[in-house]
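Participant: Sending over a structure as structure tokens; questions will come in a sec.
Residue numbers (our numbering): 2 to 127.
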């Protein structure tokens, strides 16, 4: 196989790219010197393998997924109802227009921070 044929192999190319970024990650972790700030890829993989064996990890994963899906469903349902009502009734459209304008102008990260401030720490999954 010629060099270009090997490099054209998708698996080889993706593996080299992955190893490149893993090496960058490891170098950055070594520069920081603190696993609490930035753990390296090996430490992270070992921690993940340790967590996967505990039932609490899977309960937390399931709980987080359930919250995400229920939030998505609630947002979809609310958006569909309000969108339909706004289409049918101009008064509702005019009522919601300033709110939608603010939501378009403010970055999504701000809503996340605002939601974290509103939610009690007992509601977070840490």
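The beta-carbon is built from N, C-alpha and C at its ideal position, and this holds for glycine as well.
Taking residue 78 and residue 97 to be in contact with their CB atoms under 8 Å, please state how far apart those CB atoms are, rounded to whole angstroms.
Facilitator: Rounded, the Cβ-Cβ distance is 16 Å, inconsistent with contact.
Participant: Consult DSSP for residue 23 and reduce its assignment to one of helix, strand or coil.
Facilitator: helix
Participant: Using beta-carbon positions only, say whether residue 27 and residue 36 come within less than 8 Å of one another.
Facilitator: no
Participant: Please specify which runs of the alpha helix (DSSP H), each continuous and at least 4 residues long, are wholly inside the stretch 45-91, giving them in chain order.
Facilitator: Listed in chain order, the complete alpha helix (DSSP H) runs (minimum 4 residues) inside the stretch 45-91 are 56-89.
Participant: Taking Cβ to Cβ, would you say residue 30 is nearer than 8 Å to residue 39?
Facilitator: yes
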